[in-house]
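Trainee:
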Amino acid sequence: MDIAPTFERLATGLRRIKPRDELGPTAASTLARLERLGPQRLSDLCGPEGVTQPAMTQLIGRLERDGLVARGKDPADGRAVLVRVTDAGRSAVARRRAARAEAIARALRQLSAEDRAIVLTAASALDRLSDLL
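Laid out in structure tokens, this is it:
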């Protein structure tokens, strides 16, 4: 069974859940990554987000201007800069997660009890799979 189309449809559905903020998908994903993994070098954010370093530099500049991230020196390498999420950035991530959780809960309630159980059982395996992608 080719599950790629199913994942594509799921990703499309998740992208349609738009909280009332001005964050684009890459900005939201970058903030979530920083919130989850802690401070990162700008260059380390590019690959997972699939953008060039100049594009990430611009994005981080906008997020910093909006107070969602801050830059600071890397204690391990004084020449390097680390980007970290601010309290305002954490709040933005939490609002987006809450909006998605609400939409997903509504959708799950429309499934049969059996399908809900299958989805919930698969969630931990899907989380591990997402770490591998």
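Just so we're aligned, residue 1 is where the sequence shown starts under the UniProt record's numbering, counting upward by one. The beta carbon of each residue, even a glycine, is placed where N, CA and C say it ideally should be.
#1: With the cut-off set at 8 Å, would you say residue 197 and Pro39 are in Cβ contact?
#2: If I'm right that Leu31 touches Val85 with Cβ under 8 Å, what's the distance once you round it to whole angstroms?
#3: Quick test of your reading: Arg15 and Pro25, contact by CB under 8 Å. State the CB separation rounded to the nearest angstrom.
#4: Do Arg96 and Pro19 count as a contact pair if the criterion is CB distance below 8 Å?
#5: From what residue to what residue does the beta strand (DSSP E) around Ala70 run?
#6: Indicate the three-state DSSP secondary structure (helix, strand or coil) for Asp44 in the structure shown.
Mentor: On the basis of the supplied data:
#1: Because residue 197 is not part of the residues shown, which for the chain are 1 to 133, the question remains open.
#2: Mapped onto the sequence shown, residue 31 falls at position 31. Mapped onto the sequence shown, residue 85 falls at position 85. With a Cβ gap of about 6 Å, Leu31 and Val85 count as contacting.
#3: Walking along the sequence shown from the start, residue 15 turns up at place 15. Walking along the sequence shown from the start, residue 25 turns up at place 25. That pair is a contact at about 6 Å.
#4: Here residue 19 is taken as the residue at index 19 of the sequence shown, counted from 1. Here residue 96 is taken as the residue at index 96 of the sequence shown, counted from 1. Yes, the pair counts as a contact, with Cβ atoms nearer than the cut-off.
#5: The residue you call residue 70 lines up with position 70 of the sequence shown. Val69 to Asp74 is the extent of the beta strand (DSSP E) around Ala70.
#6: For this step, residue 44 is matched to residue 44 along the sequence shown. In the structure shown, Asp44 sits in a helix (DSSP, three-state: H, G or I).
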